[in-house]
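Down below is the structure, laid out as structure tokens.
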Amino acid sequence: AYLRLGRWFSTALRASGGISNGDTPKRYYLGGNTNRIGSIHVDNSVYDINNLYFSQVVTPLRGYDYYELEGTRYAVTNLELRFPLIDYFLMRYPLRIGLSSVVGALFMDLGAVWSDEAPFKGASAEGGFHLEGIKSGFGFGARANLGFLVLRYDVAWRTDYRTVAPHTKHYFSLGADF
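In this text, residue positions in the sequence shown follow my numbering: the first is 1203, and each later residue adds one.
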């Protein structure tokens, strides 16, 4: 769902979920960003024949790596505030390159995966409120429309609402947001 906030600002909200049951349920892998550019380091178990054909990668959950979380049930929601960042940028040397209408974004992602073997745990108040089974990431980014595709750059931190990870995740990706 999209909501315009005045002339220049807008919000985008997305929610998605899935359940797979049966003798051989589908595995959901949660984490990362859609259409990422760059190498992805994953465990060899991801390349198992069942995982290749009977699984689904669920994105975005920025602040986390691809395939970092897995289960037979998932829920994910994303919230973005989008705003104009650069109207026009022109570089003359060494090549004449221009970008127009670069959009900025502030985002918050929440997601969880669980299964019968690892039941759902939401949050805990023990030792101060924090998330347990629900994973969260927040950050900022920029989107440049190159005419035939959108180049996206996002910087994300993971958090459990008690602490924030000291290291960031950087994502270069292609294509429209959700």
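We treat Cβ as the ideally placed atom computed from N, Cα and C, and that holds for glycine.
Contact under 8 Å by Cβ, residue i with residue j
i, j, result
"Leu1263", "Gly1339", "yes"
"Pro1329", "Val1278", "In the sequence as presented, Pro is not what sits at residue 1329; that position holds Gly. Against a cut-off of 8 Å, the Cβ pair of Val1278 and Gly1329 comes out as no contact."
"Trp1359", "Gly1335", "no"
"Tyr1266", "Gly1234", "yes"
"Arg1354", "Gly1343", "yes"
"Pro1227", "Thr1261", "no"
"Val1304", "Leu1287", "yes"
"Ala1214", "Phe1380", "yes"
"Leu1333", "Leu1271", "no"
"Asn1223", "Gly1377", "no"
Minimum C-alpha distance to residue i - residue among the options
i, options, result
"Leu1301", "Tyr1295, Tyr1290, Leu1308 and Asp1311", "Tyr1290"
"Phe1256", "Arg1229, Thr1274, Leu1376 and Gly1240", "Arg1229"
"Gly1306", "Pro1296, Glu1319 and Arg1284", "Arg1284"
"Ser1212", "Phe1331, Leu1308 and Gly1273", "Leu1308"
"Ala1217", "Ala1325, Asp1311 and Leu1297", "Asp1311"
"Arg1348", "Ile1299, Phe1322 and Lys1337", "Correcting the residue type first, residue 1348 is Leu in the shown sequence and not Arg. Comparing Cα positions, the closest option is Ile1299."
"Lys1337", "Arg1364, Val1357 and Asp1356", "Arg1364"
"Ala1327", "Gln1258, Gly1220, Gly1219 and Asp1362", "Asp1362"
"Ile1221", "Phe1322, Asp1356, Val1366 and Arg1345", "Phe1322"
"Asp1225", "Asp1318, Ala1325 and Ala1346", "Asp1318"
"Val1259", "Gly1219, Gly1240, Arg1294 and Tyr1295", "Gly1219"
Identity of the residues DSSP links to residue i by a beta bridge
i, result
"Leu1232", "Val1260 and Leu1271"
"Thr1226", "Per DSSP, none; premise fails for Thr1226."
"Arg1360", "Gly1339"
"Gly1220", "Tyr1276"
"Ser1354", "Sequence check: residue 1354 is Arg here, not Ser. In DSSP, Arg1354 forms a bridge with Arg1345 and Ser1375."
"Arg1209", "In DSSP, Arg1209 forms no bridge with anything."
"Ala1214", "Tyr1204 and Glu1282"
Problem set entry | Uninterrupted alpha helix (DSSP H) stretches inside the segment 1242-1330 (no shorter than 4 residues) | Within the segment 1242-1330, the complete alpha helix (DSSP H) runs of at least 4 residues are 1251-1255.
Problem set entry | At least 3 beta-carbon pairs within less than 8 Å: the segment 1205-1219 vs the segment 1362-1378 | Counting Cβ pairs under 8 Å, fewer than three are found: no touch.
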